[in-house]
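Residue numbers (our numbering): 1004 to 1127.
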């Protein structure tokens, strides 16, 4: 039993260290999601929807998106109208309370247009 718990804990730490950790949290608890971008795309994400990664949270939750990227970019969370500058090899944070329910694109804004990186789904 202890070995199983240790293996699960190790797996969660390992997954978070390699780009993506979407930890389920109850309303009132902060949900921290680590997102790694390589070449302007999300790297290491396993949960997909419509061909793109998806982050699911509950309405009313405090959310922290922790960004790391190998290139300079601005990420824009539509619906909440929040922009975050992400610089190479530096962690950037997007912090907000998920007040509006729905599905919102998170886009990379660049000189030559916008690209959807992932979706944020806020459930009631």
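Even for Gly, the Cβ is constructed at its ideal location relative to N, Cα and C.
- For residue 1104, the closest alpha carbon among the candidates 1037, 1117, 1094, 1058 is that of 1058.
- Short of 6 Å from the beta carbon of residue 1101, and not among the five residues preceding or following it, lie these beta carbons of its own chain, in chain order: 1060, 1062, 1064, 1066, 1125.
- The three-state reading of DSSP puts residue 1122 in strand, counting E and B together.
- Here residue 1097 is buried: its Cβ has 16 or more other Cβ atoms, across all protein chains shown, within 10 Å.
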